[in-house]
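Notes follow the structure.
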Amino acid sequence: MNLPLLVWSYLKSRPLNTALNIVLLSLGIAVITILLLFNNQLQRKITDNAKGIDLVVGAKGSPLQLILCNIFHIDFPTGNINLKEAEKISKNRLVKKAIPLALGDSYNGYRIIGTNQLYAEQYNAQLSSGAWFQKEMEVTIGSNVANALKLKTGDKFESNHGLTSDGHAHDEQKFSVAGIMSHTNSVLDNLILTQVESVWKVHEAHGEGEKTHDDHDHDSIANPSPLIPSVEAGDSTKEITSMLIQYRSPMGAIQMPRWVNGQSSLQAASPAFETARLFSILGVGVDILKAFAYVLIFISALSIFIALYNSLKERRYDLAIMRSMGASRARLVTAILMEGGVLTLMGCVIGLLMGHGALIVMGNLVEETQKAGISGLVFYEEEWIILVGSLLLGTLCAIIPAIQAYRTDISKVLAGNE
Amino acid sequence: MMIQVQQVAYSYETGKTISFPDFAVTGSEPCLLLGESGSGKTTLLHLIGGLLKNQQGKIVIHDTNISQLSETELDKFRGKHIGFIFQKNHLISALSVKNNLLMAPYLSGLPQQESRVREVLEGVSLQEKENANVNALSHGQAQRVAIARAVLNKPDVILADEPTSALDDKNCMRVIDMLLAVAKQNNSALLIATHDQRLKSKISRQIIL
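So the sequences go chain by chain: A and B. If you want the working numbering, it's the position in the first sequence, counting the first as 1, plus 870. If you want the working numbering, it's the position in the second sequence, counting the first as 1, plus 2.
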């Protein structure tokens, strides 16, 4: 016989009550856990994806849309910008790195991005097989794309116009897979990278029929564009979707956005600023869910308190008997505090497991969760805080019943006078 | 001398004071404490067992004047030297028979021996109920388990408060016989407070309040 066994026996003797308390608490804890995991991972993901990109320059429109489209690749482009104007920005002395992006096509829901090697380097991408895209119509694909679409090096496919799989098929031109990137845990995993020229070619072919355009001989270009070397600098007919910019110095953050926004057709958006804004918008929903979880936890605490309080009434005689057998007041108080603690500990552990389990299930069922790279198998230090907090809560709920146990007049109870 | 009561009186919260006669109980001779309801039988029993304090006079159990013990010391003393049997509600319903019995050595800080559990259960002919649920026992059986628990620590003194009042004649005789037998076997002084007339024929030494 020992105290934990005694406490456990008491909990077991009221199975429904115990189960109710555990379920209530675990639901609250599970919601908190899911929010914690989801929020932390999303935040981290967003920060990682935007790392090293100080500014996105694109067509006028919503700055948040510009960021969502060009960094996270979840929204649609705001429009196109002239290559000549983009070049002008990229030549600014405050710009360290400028990466052109040309969007517009996709394959089975995965976006095809016309860009250059710098974009892959931005996320430290490595090849797991094949080679980088070198020539027009060659692509290097992200690991998720390769897995989901079962693409191998050498495979050919036709792109769809637009960023969803039901767009018009560009069947005149076929892309061929030159290589597959290894997993980067970034947005790159869900992208198909190619040259900007490929994107142009697909659309030219679509728009202007069979007007061939094979003068991509670098030698014939006297003054190549700093962004896309195969075309002449200052080409006013070519367009790209956007440009990702890294500043040379912090001075850029002060001067660049104002300067870019001053140009009539261009817009600059800061990923850091826009994602912070996005989080403050999302934050409302998160706060409501959090409040709901805290209400659940409060109700479970109340329920645990009532359960202990009521059971103590029934147990007055038990307590008196134990005193008559030599138990000290302190030991009985410990037993009751422990009962509260064990209840909340179980509720908390089950809640944590439920939270992680829910995310694991969600990751398997919902494709978007997988794409966003949110996993249920990540553990955070905050979970210790939840655990310790629940233990404290349980002890707190048990304090009044414990004080009552402490005050029990054994003689009166045993004589049946109280 | 196991129990010695000298010039003991107790004042209730209501102001009423009861004085108790002096007496002593030895290990060899069980003793009945008789009296009408309200005569203070339970009060005296609780005073002797240290469940109630602040009396006048002197109560000595096994050479210890319990009036001088602090509350914590009393708890320990009670666990080691005194076994209680009450009229009813005496077992912890959340625990099995065996664990109810093991509570006695556990709470008094003595080694928990399962062999001793079987021994005392044999003494009250309930060895087959060792793992039974307490709720599954009849009144008589529950009372026998309570007796087994009271003697488990081989206490110097067993105090029983109306141990047979809730039982029918057949069970009453069975329980009192067992109580007398195990008390003798464990060499414990036995003091039974009761108004149950059926016990008078079994125990000759009687103190009337």
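Even glycine gets a Cβ: it sits at the ideal position worked out from N, Cα and C.
In chain A, what lies closer than 7 Å to residue i by C-beta?
| i | result |
| --- | --- |
| residue 106 of chain B | 1195 |
| residue 54 of chain B | 1281 |
| residue 88 of chain B | 1284 |
Between residue i and the rest of its own chain, which residues show a CB-CB distance below 8 Å, the 5 nearest in sequence each way excluded?
| i | result |
| --- | --- |
| residue 1147 of chain A | 934 |
| residue 1044 of chain A | 1007, 1026, 1027 and 1028 |
| residue 114 of chain B | 104, 107 and 108 |
| residue 1145 of chain A | 916, 917, 920 and 937 |
| residue 42 of chain B | 12, 20, 22 and 211 |
| residue 873 of chain A | 1201, 1204, 1205 and 1208 |
Please list the partners that residue i has in chain B, where partner means a Cβ-to-Cβ separation under 8 Å.
| i | result |
| --- | --- |
| residue 1192 of chain A | 94, 105 and 109 |
| residue 1052 of chain A | Simply none; closest approach about 58 Å. |
Please go through the same chain and pick out, in chain order, the residues whose beta-carbon is closer than 6 Å to the beta-carbon of residue i, but skip the five residues on each side of it.
| i | result |
| --- | --- |
| residue 1061 of chain A | 981, 983 and 1012 |
| residue 204 of chain B | 178 |
| residue 1086 of chain A | Residue confidence is low: residue 1086 of chain A scores 46 on pLDDT, short of 50, so the model does not pin down where it sits. Its coordinate-derived value is still stated next. Closer than 6 Å at Cβ, skipping near neighbours: 1100. |
| residue 174 of chain B | 166 and 200 |
| residue 1054 of chain A | 993 and 995 |
Can you pull the chain A residues whose beta carbon is under 9 Å from the beta carbon of residue i, in chain order?
| i | result |
| --- | --- |
| residue 207 of chain B | Residues of chain A passing the Cβ test: none, with the nearest at roughly 24 Å. |
| residue 101 of chain B | 871, 875, 876 and 879 |
Going along the chain, which residues of its own chain have a beta-carbon closer than 7 Å to the beta-carbon of residue i, five neighbours each way excluded?
| i | result |
| --- | --- |
| residue 1169 of chain A | 894 |
| residue 1109 of chain A | 950, 951, 952 and 953 |
| residue 1003 of chain A | 1009, 1010, 1048, 1063, 1064 and 1065 |
| residue 1001 of chain A | 1048 and 1049 |
DSSP puts residue i in a beta bridge; with which residues?
| i | result |
| --- | --- |
| residue 1044 of chain A | A:1028 |
| residue 1051 of chain A | A:997 |
| residue 880 of chain A | Residue 880 of chain A pairs with nothing; no bridge assigned. |
| residue 25 of chain B | B:7 |
| residue 1174 of chain A | None; residue 1174 of chain A has no bridge partner. |
| residue 86 of chain B | B:161 |
| residue 1065 of chain A | A:985 |
| residue 60 of chain B | B:8 |
| residue 1039 of chain A | A:1030 |
| residue 1116 of chain A | A:967 |
| residue 174 of chain B | DSSP lists no partner for residue 174 of chain B. |
| residue 952 of chain A | A:1109 |
| residue 33 of chain B | B:193 |
| residue 1136 of chain A | A:929 |
| residue 1094 of chain A | A:1102 |
| residue 977 of chain A | A:980 |
So, does the CB of residue i fall closer than 8 Å to a CB anywhere in chain B?
| i | result |
| --- | --- |
| residue 872 of chain A | yes |
| residue 1257 of chain A | no |
| residue 1182 of chain A | no |
| residue 1284 of chain A | yes |
| residue 883 of chain A | yes |
| residue 1274 of chain A | no |
Is residue i close to chain A? Criterion is C-beta to C-beta, closer than 8 Å.
| i | result |
| --- | --- |
| residue 77 of chain B | yes |
| residue 57 of chain B | no |
| residue 141 of chain B | no |
| residue 48 of chain B | yes |
| residue 80 of chain B | yes |
| residue 44 of chain B | yes |
| residue 25 of chain B | no |
| residue 211 of chain B | no |
| residue 2 of chain B | Past the boundaries of the shown model lies residue 2 of chain B; chain B is included only from 3 to 211, so the question cannot be answered. |
Residues of chain B with CB under 7 Å from residue i, in chain order?
| i | result |
| --- | --- |
| residue 889 of chain A | What residue 889 of chain A touches in chain B: nothing, since even the nearest Cβ is about 16 Å away. |
| residue 1188 of chain A | 94 |
| residue 1198 of chain A | 74 and 77 |
In chain C, which residues lie less than 8 Å from residue i when you measure between Cβ atoms?
| i | result |
| --- | --- |
| residue 51 of chain B | Absent from the structure is chain C; the protein chains it does hold are A and B. |
Who are the neighbours of residue i on chain A, taking C-beta pairs under 8 Å?
| i | result |
| --- | --- |
| residue 114 of chain B | 871 |
- Message: Can you confirm whether the stretch 184-197 of chain B touches the stretch 30-45 of chain B when touching is taken to mean that 3 or more C-beta pairs between the two stretches lie within less than 8 Å?
- Response: Taking 8 Å as the limit for Cβ pairs, the verdict is that the stretch 184-197 of chain B does touch the stretch 30-45 of chain B.
- Check whether the stretch 997-1013 of chain A touches the stretch 958-967 of chain A, counting contact only when three or more Cβ pairs, one atom from each stretch, lie closer than 8 Å. No contact exists between the stretch 997-1013 of chain A and the stretch 958-967 of chain A.
- Query: Taking one C-beta from the stretch 1194-1212 of chain A and one from the stretch 10-19 of chain B each time, how about it: are there three or more such pairs within less than 8 Å?
  - Reply: No, they do not touch.
- Message: Check whether the stretch 1181-1196 of chain A and the stretch 1243-1258 of chain A touch, using three or more Cβ-Cβ pairs below 8 Å as the test.
- Response: By the criterion of at least three beta-carbon pairs nearer than 8 Å, the stretch 1181-1196 of chain A is not in contact with the stretch 1243-1258 of chain A.
- Query: Any contact of the stretch 970-980 of chain A with the stretch 1122-1130 of chain A, i.e. 3+ C-beta pairs under 8 Å?
  - Reply: Touching, no.
- Within the chosen definition, does the stretch 1271-1279 of chain A reach the stretch 125-141 of chain B through at least 3 CB pairs nearer than 8 Å? No, they do not touch.
- Message: When you compare the stretch 77-96 of chain B with the stretch 877-888 of chain A, are there three or more beta-carbon pairs, one atom per stretch, that lie closer than 8 Å?
- Response: Verdict: yes, contact present.
- On the three-pair Cβ rule with 8 Å, is the stretch 937-947 of chain A touching the stretch 1140-1158 of chain A? The stretch 937-947 of chain A makes contact with the stretch 1140-1158 of chain A; the number of CB pairs closer than 8 Å reaches 3 or more.
- Is the stretch 155-162 of chain B touching the stretch 80-87 of chain B in the sense that three or more CB pairs, one from each, lie closer than 8 Å? Contact between the stretch 80-87 of chain B and the stretch 155-162 of chain B is present, because at least three Cβ pairs lie under 8 Å.
- Query: Can we say the stretch 1229-1242 of chain A touches the stretch 1279-1287 of chain A, given the rule of at least three CB pairs closer than 8 Å?
  - Reply: At 8 Å Cβ cutoff, the stretches do not touch.
- Message: If contact is defined by three or more beta carbon pairs under 8 Å, each pair taking one atom from either stretch, is the stretch 1159-1177 of chain A in contact with the stretch 64-79 of chain B?
- Response: The count of Cβ pairs closer than 8 Å, one atom from the stretch 64-79 of chain B and one from the stretch 1159-1177 of chain A, stays below three, leaving the stretches out of contact.
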